[in-house]
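First to last, the sequence lines map onto chains A and B. Residue numbers for the first sequence follow our numbering, beginning at 598 and rising by one. Residue numbers for the second sequence follow our numbering, beginning at 857 and rising by one. Cβ atoms here follow ideal geometry from the backbone N, Cα and C, with glycine treated the same way. What you are looking at is a predicted structure, and each value in this text was computed from that prediction instead of being measured.
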Amino acid sequence: DQQVKQNSPSLSVQEGRISILNCDYTNSMFDYFLWYKKYPAEGPTFLISISSIKDKNEDGRFTVFLNKSAKHLSLHIVPSQPGDSAVYFCAASEIGLTGGGNKLTFGTGTQLKVEL
Amino acid sequence: DTGVSQNPRHKITKRGQNVTFRCDPISEHNRLYWYRQTLGQGPEFLTYFQNEAQLEKSRLLSDRFSAERPKGSFSTLEIQRTEQGDSAMYLCASRALARRGQGNNEQFFGPGTRLTVL
């Protein structure tokens, strides 16, 4: 039962262009979403997050969009750089009313390759 | 370096042996999580602690797995009688306890321990 899905296992983009990574989720209780970047032999590195009360969050070259009705989020990277080449994981959690937040549920990842 | 650290980084063991991994979280973080990642998959939740209390365990955590965080600081994950199916990357993450209404839920991950069971 894959509650967070990343249907594109790989994506190739030219340097300077926009990279768009997509993520879908099925659990309507998820209310906080995160993107992590992972290089081989390293742990995931936090990139950007968004609460379900927002539909967009921007941080430098990274923007995350959330469409709650479609249970879909996307990560935009612009302009893409060769150093962005990595595996990108979408993750979701339930925070609820307590503000605590617990475990993260991850997608299977998308391998992004930014070519010169 | 004030990030999450894990030791060892790599562990090769024979089937049936016991192994123990250690995680040192970011010092002011009171929540600590263990995840497991296999090839082609995202990290999967195993268990988490708030201070020294283990608050949730996944069904993935069989009886052969045990985790502790005795003083609310570092944590250990032990696997007894290892099986080849236990081969994976074991990741530890930590985060500060969010205040009510605060949305920050970012977990910070260590580099992981790669376990190979022969």
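**Study point:** Pairwise C-alpha distance: R937 of chain B and F877 of chain B
**Key:** 14 Å
Exercise for review: Whole angstroms is fine: what's the gap from G928 of chain B's alpha carbon to R920 of chain B's?
Suggested key: 22 Å
Check your understanding: Among B:T869, B:R925, B:E912, B:L916, which has the Cα closest to the Cα of P881 of chain B?
Key -> B:R925
Practice item. Check whether the Cβ of N624 of chain A lies closer than 8 Å to any Cβ atom in chain B. Key: no
Check your understanding: Do G968 of chain B and L953 of chain B come within 8 Å of each other at the CB atom, strictly closer than that value?
Key -> no
Exercise for review: Would you mind telling me which residues of chain A sit closer than 8 Å to L947 of chain B, beta carbon to beta carbon, in chain order?
Suggested key: G640, P641
Practice item. Counting only the same chain and skipping the five closest in sequence on each side, list residues whose C-beta sits under 8 Å from that of T858 of chain B. Key: I882, S883
**Study point:** Start-end ranges of the beta strand (DSSP E) lying completely within the stretch 656-705 of chain A, minimum 3 residues
**Key:** 659-664, 669-674, 683-690
Review point. Given a limit of 7 Å on CB to CB distance, which residues of the stretch 931-943 of chain B reach chain A?
Key: none
Review point. Cβ of R1033 of chain B within 8 Å of Cβ of E939 of chain B?
Key: With chain B represented from 857 up to 974, any question about residue 1033 of chain B goes unanswered, as that position is not in the structure.
Practice item. May I ask which residues mark the beginning and end of the beta strand (DSSP E) holding A944 of chain B? Key: 944-951
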